Ligand code: NDP
């Protein structure tokens with residue numbers, strides 16, 4: 001069955017009697033965002049301003065974290081953003097991490113600070129994140145950033161839910177008055193996404209592991225976002241025909257990476273759907289670059 005690429009095509013909202021859901025191409029949308037950020041950075045530098053600078057802090061030796069940080073540095077370089085690499089051995093005290101964050105807060109060459117998570121055992125990640133100046137909090141995870149987001153005050157918003165919002169907007173989906181259901185209430189994804197969807201005037205329900213009759217709640221959604229970290233937890237019975245389905249899940253198993261949505265079961269009845277991989281995943285780094293640019297701008 002051929003999938004239609006919904007990107008740039010106002011085809012969303014078709015019902016299940018057609019060729020199935022249109023595919024929301026996160027790779028293409030992320031590439032467009034990265035181009036936009038690159039152009040804005042180039043214009044800024046051409047105007048005499050310094051390039052934005054992203055300071056990354058990597059504590060310990062987690063191999064996956066090393067890969068993530070390296071890919072963030074590559075993405076920064078492509079967009080013309082300076083990256084400043086800081087590493088701390090896992091056996092250093094929390095106080096040393098906090099002192100480094102204070103130094104970066106005070107450094108005018110640093111527009112954004114990214115503390116790569118998870119931290120090794122013994123570190124208090126929440127306290128470290130809260131030490132980041134909210135104007136430089138490009139992950140948008142500090143208590144102040146989260147509070148500002150909920151109060152609709154200017155804030156740098158968390159990258160993965162921002163990526164979900166971009167996918168929804170750039171696919172031509174009208175959120176005003178729509179019923180949106182999120183499966184997952186994490187601080188990283190579900191909760192901030194609820195604030196963003198609410199700010200876009202959707203009617204928002206947040207589900208979690210104790211939700212009764214999850215399928216019935218999800219089946220009311222015009223926009224359904226799966227962010228529960230459970231492979232293929234969302235099946236056909238969870239989806240209203242014609243709904244937009246955004247799959248945040250990244251689950252690594254014997255068959256490679258799969259999402260939280262049973263793509264094969266849902267694609268025939270949904271209106272639009274993100275693939276995994278190639279949906280939300282590429283958006284996270286694109287939003288990190290955009291946050292770093294915003295952090296460098298005086299108004300941010
Ligand atoms: P968490 O494990 O922090 O949270 C999972 C949430 O889902 C919890 O609120 C949990 O409920 C809920 N949940 C778990 N099982 C069920 C279930 N069977 N039914 C309903 N709700 C359930 O995960 P994250 O939010 O960090 O990540 C979610 C997924 O998104 C993961 O697959 C992760 O890998 C992926 N991810 C992808 C990113 C990207 O860039 N694309 C970035 C970040 C995450 P409760 O609160 O009751 O425990």
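In our numbering, the protein residues as written are 1 to 300. Just so you know, even glycine gets a beta-carbon here, dropped at the ideal spot from N, CA and C. Small disclaimer: the values here were computed from a predicted structure and weren't measured.
Residue i in three-state terms, based on DSSP
i	result
residue 90	coil
residue 114	strand
residue 64	helix
residue 155	coil
residue 138	coil
residue 83	strand
residue 291	helix
residue 258	strand
residue 59	strand
residue 213	coil
residue 224	strand
residue 300	For residue 300, the predicted model reports a pLDDT of 42, less than 50, meaning its position is unreliable; a value from the coordinates is still stated below. Three-state result, residue 300: coil.
residue 253	strand
residue 38	helix
beta-carbon residue i near ligand 1 non-hydrogen atom, thresh 6 Å
i	result
residue 24	no
residue 189	yes
residue 218	no
residue 233	yes
residue 245	no
residue 179	no
residue 267	no
residue 227	yes
residue 209	yes
residue 256	no
residue 248	yes
residue 116	no
residue 281	yes
residue 184	yes
residue 284	yes
residue 94	no
residue 274	no
residue 205	no
residue 230	yes
residue 143	no
Beta-carbon contacts of residue i that lie in its chain and below 6 Å, excluding the five residues immediately before and after
i	result
residue 5	Bear in mind that the predicted position of residue 5 carries a pLDDT of just 39, short of 50, making it unreliable; the figure below should be weighed with that in mind. Around residue 5: 23, 25.
residue 278	26, 27
residue 163	280, 283, 284, 287
residue 291	138, 156
residue 148	155
residue 57	86, 115
residue 201	176
When the options are compared against residue i, the one with the closest alpha-carbon
i	options	result
residue 181	171, 261, 192, 207	207
residue 92	56, 290, 121	121
residue 55	62, 81, 46	81
residue 205	189, 187, 224, 188	224
residue 247	276, 185, 110	276
residue 116	94, 86, 143	86
residue 78	32, 220, 88	32
residue 53	167, 146, 83, 89	83
residue 218	240, 201, 228, 210	240
residue 35	107, 76, 69, 143	76
residue 265	192, 232, 112	232
residue 159	153, 190, 96, 62	190
residue 238	256, 252, 263	263
residue 21	251, 202, 73, 245	245
residue 144	38, 192, 220, 298	192
beta-carbon residue i near ligand 3 non-hydrogen atom, thresh 6 Å
i	result
residue 83	Ligand 3 is absent from the structure shown, which contains only ligand 1.
Bridge-paired residues (DSSP) for residue i
i	result
residue 207	183
residue 248	Note: residue 248 sits in no beta bridge, so no partner.
residue 273	23, 245
residue 234	261
residue 53	82
Same chain, Cβ closer than 7 Å to residue i, neighbours up to 5 away in sequence not counted
i	result
residue 197	175, 180, 204
residue 13	Note that residue 13 has pLDDT 49, beneath the 50 cutoff, so the model's placement of it is unreliable and the number below is only indicative. Taken in chain order, the residues that qualify are 242, 271.
residue 41	51, 52, 79, 80, 81, 293
residue 123	59, 94, 97
Cβ-based neighbour list, residue i, same chain, cut-off 8 Å, excluding 5 preceding and 5 following
i	result
residue 125	115, 117, 118, 119
residue 166	29, 33, 283, 286, 287
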